[in-house]
Amino acid sequence: MDRQNALGDSIPQGLDYYSILPGQGQYYNPDFIQTGNTTRRYQGYVTDIITDEATNWLERRDPAKPFCLVIGHKATHRTWMPALEDLGTYDSISFDLPHDFFDDYKTRKAAAAQDMTIAKTMRMAHDLKIYEQNDSTAIENSVRRMTDEQKKRWFTYYNKIKGDLETKMPKGNALTEWKFQRYMKDYLSTAASLDRNIGKTLDYLDKNGLSKNTIVIYMSDQGFYMGEHGWFDKRFMYEESFRTPMLLRYPGVVRPGTVINDYIMNIDIAPTFIELAGAPIPRRMQGQSFCPCYKVKNIRRAIPCIIIITRTANMRYRHILVSEHSAIN
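Numbering (numbering that gives the first Met the number 0), first residue to last: 0 to 328.
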């Protein structure tokens, strides 16, 4: 299904190719706005589709030319919807509560007034998929567009979770802790698709002889609360959500395991690539190359590069995670 004029006048500029999710996009059977400003609906799970689209572009590129590829994943954007194959991946695990999970926010009026507590803000249907019978308004659009087989597997799993809740009937702090466990299991099950698919992208580089001459940057748009201060989401400027993880791989240039403590911003990425490509950095450009931070020497010129951008949890989770709005250039 293709539709014309999906973006109106807001067509991405300066890109040879793009395939992007409208708005936040959908996890299942999503639409993508594609080069030429048409919309196409794909069948399947969004993380798999984005990876396949990126791989297809790599297959079609001119191998004699350097390239820049940006892959932006939707997962793990709220509402957290795992791939069907990942449902229940973490159900056997009981996650430790953060030490400040029952924070009372004494002496911090702004923190006390926020609206993102697991206890009060997290919604049973929207966030945890505990649907009330016949309440179709609470069901996400991604569920609505599922095939009958996808819906069958989805509701079979979450109806069992609802049954478990109705059997236990937790109240007060016990209910808040139950919601935290479900949140973590859903969130990390959604992240599992990222681990699998980013691995596929790295494997492609290995199998096609691109690893040694390709920069990979793996980062997020912000940190995230995973129970710290009793919160989920990101909208408060404490350390957990303010810090943004970024990993860089450049074999033969950046030594594996290198850790830097300098402040780096997203506006520093473009000047860094320009320096690595051997071109002068325009004076009008904001940001600075962070090559000196890595003590980069013997810089290669006209290198191919790939950037992977994902939305993330905080750094205490080992899978540095997930951003939507993918654009491929």
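Ideal Cβ placement from N, Cα and C applies to all residues, glycine included.
Given the structure is predicted, the values throughout are model-derived calculations rather than measurements.
Check: If T46 sits next to A82, beta carbons under 8 angstroms apart, how far is it from one beta carbon to the other, in whole angstroms?
Finding: Locating residue 46 in the sequence shown gives position 47, counting from the first residue. Locating residue 82 in the sequence shown gives position 83, counting from the first residue. That belief holds up - the Cβ atoms of T46 and A82 are roughly 7 angstroms apart, short of 8 angstroms.
Notebook entry, point to check: What's the C-alpha gap between R39 and L86?
Noted result: By 1-based counting over the sequence shown, the position of residue 39 is 40. By 1-based counting over the sequence shown, the position of residue 86 is 87. In a straight line, the C-alpha of R39 is about 27 angstroms away from that of L86.
Next item on the list: Could you pull the start and end residues of the alpha helix (DSSP H) that F66 belongs to?
Entry: Taking the sequence shown and counting its residues from 1, the one referred to as residue 66 is at position 67. Neither: F66 is in no alpha helix (DSSP H) and is coded neither H nor E.
Next item on the list: May I have the straight-line CA-CA distance separating A110 from H228, to the nearest angstrom?
Entry: On the sequence shown, residue 110 is found 111 positions in, with the first residue counted as 1. On the sequence shown, residue 228 is found 229 positions in, with the first residue counted as 1. Their backbone Cα atoms lie some 9 angstroms apart in a straight line.
Next item on the list: Starting from the Cα of N158, find the closest Cα among Y130, M225, P255 and K170 and give me that residue.
Entry: Position 159 of the sequence shown, counted from the first residue, corresponds to residue 158. Cα-wise, what sits closest to N158 is Y130.
Next item on the list: Just the C-alpha distance for M121 and R234, rounded to the nearest angstrom, thanks.
Entry: Position 122 of the sequence shown holds residue 121. Position 235 of the sequence shown holds residue 234. Approximately 14 angstroms, taken between the alpha carbons.
Next item on the list: State the Cα-Cα distance for the pair S288 and Q221, rounded to the nearest angstrom.
Entry: Against the sequence shown, residue 288 aligns to sequence position 289. Against the sequence shown, residue 221 aligns to sequence position 222. Whole-angstrom Cα-Cα distance: 21 angstroms.
Check: In chain order, what residues of the same chain lie with their CB nearer than 6 angstroms to the CB of D261, ignoring the 5 residues before and after it?
Finding: Within the sequence shown, numbered from 1, the residue matching residue 261 stands at position 262. Excluding positions up to five away in sequence, the list reads C292.
Next item on the list: Just list the alpha helix (DSSP H) runs in the region 113–144, keeping only unbroken ones of 4 residues or longer that don't cross its boundaries, in chain order.
Entry: 140–143
Check: Hey, out of P281, I259 and S188, whose CA is closest to E84's CA?
Finding: What you label residue 84 is simply residue 85 of the sequence shown in a count that begins at 1. Among P281, I259 and S188, the Cα nearest to that of E84 belongs to S188.
Checklist line | Which residues DSSP lists as bridging Q33, in chain order | finding: Position 34 of the sequence shown holds residue 33. Answer by DSSP bridge pairing, in chain order: S18 and T37.
Next item on the list: For the beta strand (DSSP E) holding L83, just list the boundary residues, first then last.
Entry: As a position in the sequence shown, residue 83 is number 84, starting the count at 1. Where L83 is concerned, there is no enclosing beta strand (DSSP E), given that its DSSP letter is neither H nor E.
Check: If you run the structure through DSSP and keep just helix, strand and coil, what is M183?
Finding: Position 184 of the sequence shown, counting from 1, holds the residue named residue 183. Helix.
Item checked: R59, enclosing alpha helix (DSSP H) - first and last residue -> Stepping through the sequence shown from its first residue, residue 59 is reached at position 60. Here the alpha helix (DSSP H) through R59 covers V45 to R59.
Next item on the list: Using alpha carbons as the reference points, say which of K294, F272 and Y104 lies closest to G286.
Entry: On the sequence shown, residue 286 is found 287 positions in, with the first residue counted as 1. Minimum Cα distance to G286 is reached at F272.
Checklist line | Among I305, G22 and Y26, the one whose alpha carbon lies nearest that of Y203 | finding: If you number the sequence shown from 1, residue 203 lands on position 204. For Y203, the nearest C-alpha among the options comes from I305.
Check: Are the region 170–181 and the region 101–120 in contact at 8 angstroms, needing three or more beta carbon pairs?
Finding: yes
Notebook entry, point to check: Comparing alpha-carbon positions, which option in Y27, S9 and I19 lies nearest S192?
Noted result: Walking along the sequence shown from the start, residue 192 turns up at place 193. Checking every option, the nearest Cα to that of S192 belongs to Y27.
Item checked: Sequence-distant residues of its chain with Cβ nearer than 6 angstroms to D267 (five each side left out) -> In the sequence shown, the residue the question calls residue 267 occupies position 268. Here the set comprises G286, Q287 and F289.
Item checked: Nearest candidate by alpha-carbon position, reference Y104, set F223, E274 and W230 -> Translated into the one-based positions of the sequence shown, residue 104 becomes position 105. Ranking F223, E274 and W230 by Cα distance to Y104 puts W230 first.
Notebook entry, point to check: What number of angstroms, rounded off, separates the C-alpha of D194 from the C-alpha of Q33?
Noted result: Stepping through the sequence shown from its first residue, residue 194 is reached at position 195. Stepping through the sequence shown from its first residue, residue 33 is reached at position 34. Their backbone Cα atoms lie some 25 angstroms apart in a straight line.
Next item on the list: Please classify Y249: does DSSP put it in a helix, a strand, or coil?
Entry: To locate residue 249, count along the sequence shown from 1; it is residue 250. Reduced to three states, the DSSP call for Y249 is coil.
Note to self: Can you tell me whether F231 is helix, strand or coil according to DSSP?
What the structure shows: Counting from 1 along the sequence shown, the entry for residue 231 is found at position 232. DSSP places F231 in strand when its eight states are reduced to three.
Next item on the list: Just mark L246 as buried or exposed, buried being the case when its beta carbon has 16 or more other beta carbons within 10 Å.
Entry: As a first step, residue 246 is located in the sequence shown; it is residue number 247 there, counting from the start. Classification for L246: exposed.
Note to self: Suppose contacts are defined by Cβ-Cβ distances below 8 angstroms. Is D126 in contact with T166 by that definition?
What the structure shows: As a first step, residue 126 must be located in the sequence shown, where it is residue number 127. As a first step, residue 166 must be located in the sequence shown, where it is residue number 167. No; because the gap between Cβ atoms is not below 8 angstroms, this pair is not in contact.
Checklist line | Closest Cα partner of T75 within the set F223, P250 and G256 | finding: In the sequence shown, residue 75 corresponds to position 76, counting from 1. Cα-wise, what sits closest to T75 is F223.
Next item on the list: Could you tell me the distance, in whole angstroms, from the CA atom of I280 to the CA atom of W56?
Entry: The residue you call residue 280 lines up with position 281 of the sequence shown. The residue you call residue 56 lines up with position 57 of the sequence shown. I280 and W56: Cα-Cα distance of roughly 28 angstroms.
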